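In the numbering used here, the protein residues as written are 743 to 997.
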């Protein structure tokens, strides 16, 4: 298996993980409601944040109120008010300055979708990496490298954003914090991007005719050894014939 094909496998895994991350909290069936980045908890209430929306879950009543799925969604302050038990949004903003976390949240929440696009393009490139052209694995390596940088930076930004925002929640209202499955899936996808980049790099810098050159080298070595054995055999025969001639014997190799 060539390096490009191995990279396609790694990048396909990254694509599958990123699809799961992107679909978290979008549908209220199967395991998707449990796929989220982080959640702020306060008693029986849990405010979960995903890629396309947030959901306020009440474990006592087994109910979940979610925002409309949208890319780059804003933080729903009404959900934060319900979580913290504050009187109004105005009182919430008076006690907590959410301007900076809201800006960072809007930026970091879009990156998983961009990473999924790069994973898709890099995986498709791996399907054609077996051809003779060196440009195809190099293009795939570029997609994988950009995807790794975006996913790694996006993961760090997501962690920093929610740590900052939930720290303000905890200071003002003594809420708790739970990290969701999406954080780990996001990190594994970044690692798969890195493995894919390494595989593409190996094939990109590898000589397509390296195997043929190595086989030609072995063939030349075998021919050299045969000629060397033949010369040694001829020299040995000549020495035996010379010795037999000096003794007056019949040449051992004469007819």
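For every residue, glycine included, the Cβ atom is placed at its ideal position computed from N, Cα and C. The structure displayed is predicted, hence computed values, not measured ones.
Original post:
So who's on the other strand from residue 911, going by DSSP bridges?
Top reply: BP columns for residue 911 are empty, so no partner.
**Q.** residue 942 to residue 825 span [Cα, whole Å]
**A.** Rounded to the nearest whole angstrom, the C-alpha separation of residue 942 and residue 825 is 47 Å.
Work out the CA separation of residue 961 and residue 997 for me, nearest whole Å.
Because the pLDDT of residue 997 is 46, which lies under 50, any placement of that residue in the model is unreliable, and the number read from its coordinates should be weighed accordingly. Each residue's alpha carbon lies about 35 Å from the other.
(Q) On the DSSP bridge list, what partners appear for residue 805? (A) The beta-bridge partner set that DSSP reports for residue 805 consists of 800.
Next on the checklist: Could you tell me the alpha carbon to alpha carbon distance between residue 909 and residue 924, rounded to whole angstroms?
Outcome noted: Approximately 20 Å between the Cα atoms of the pair.
Does residue 1003 come out as helix, strand or coil in the three-state DSSP assignment?
As displayed, the chain neither begins before 743 nor continues past 997, which places residue 1003 out of reach and without an answer.
- prompt: Which one or two residues does DSSP pair with residue 790 in a beta bridge?
  reply: Beta-bridge pairing by DSSP links residue 790 to 781 and 797.
Near residue 867, which residues of its chain fall below 7 Å by C-beta distance, leaving aside the five closest residues on each side in sequence?
Excluding sequence neighbours, residue 867 sits near 878, 881, 882 and 885.
Proximity winner among 914, 858, 804 and 864, relative to residue 775 (alpha-carbon distances):
When only C-alpha atoms are compared, the closest one is 804.
Taking only runs of the alpha helix (DSSP H) that begin and end inside the segment 824 to 868, which ones reach a length of at least 4 residues, in chain order? 831 to 837, 841 to 850 and 853 to 868, all fully within the segment 824 to 868.
message: In this structure, how does DSSP classify residue 810 when only helix, strand and coil are distinguished?
response: Residue 810: coil per DSSP, three-state reduction.
Check: In this structure, does DSSP put residue 768 in helix, strand or coil?
Finding: It is coil, neither helix nor strand.
In angstroms, rounded to a whole number, what distance separates the CA positions of residue 914 and residue 808? Each residue's alpha carbon lies about 24 Å from the other.
Legend entry - Through-space distance from residue 843 to residue 763, alpha-carbon basis: Here the alpha carbons of residue 843 and residue 763 stand approximately 21 Å from one another.
| message | I need the straight-line Cα distance from residue 933 to residue 963, nearest angstrom please. | response | Those two C-alpha atoms are separated by around 43 Å.
_Quick check on residue 759: buried or exposed, where buried means 16 or more other Cβ atoms within 10 Å of its Cβ?_
Per the 10 Å Cβ criterion, buried.
| Is residue 810 buried or exposed, if buried means 16 or more other CB atoms sit within 10 Å of its CB? | It is exposed - the Cβ of residue 810 has fewer than 16 other Cβ atoms within 10 Å.
Problem - For residue 940, the three-state DSSP class (helix, strand or coil) - result: Note: residue 940 maps to helix in three-state DSSP.
Residues in the same chain with beta-carbon distance under 8 Å from residue 806, minus the five sequence neighbours each way, listed in chain order, please. Within the same chain, Cβ atoms closer than 8 Å to the Cβ of residue 806 are found at 770, 775, 797, 798, 799 and 800, the five residues on either side in sequence being excluded.
| said: By the three-class DSSP mapping on this structure, what secondary structure does residue 926 have? | reply: Judged by DSSP in its simplified three-state form, residue 926 adopts helix.
CB contact flag (residue 899, residue 939, <7 Å): The answer is no: Cβ separation not under 7 Å.
How long is the line joining the alpha carbons of residue 821 and residue 947, rounded to whole angstroms? Per the coordinates, the alpha-carbon of residue 821 lies some 53 Å from the alpha-carbon of residue 947.
- request: Note down the Cα distance separating residue 922 from residue 790, rounded to an integer number of angstroms.
  value: When the Cα atoms are used, residue 922 and residue 790 turn out to be separated by approximately 8 Å.
- Item | Burial state of residue 772 (16 or more Cβ within 10 Å) | Residue 772 should be labelled exposed.
Are the beta-carbon atoms of residue 916 and residue 781 separated by less than 7 Å?
With a cutoff of 7 Å on beta-carbon distance, residue 916 and residue 781 are scored as not near each other.
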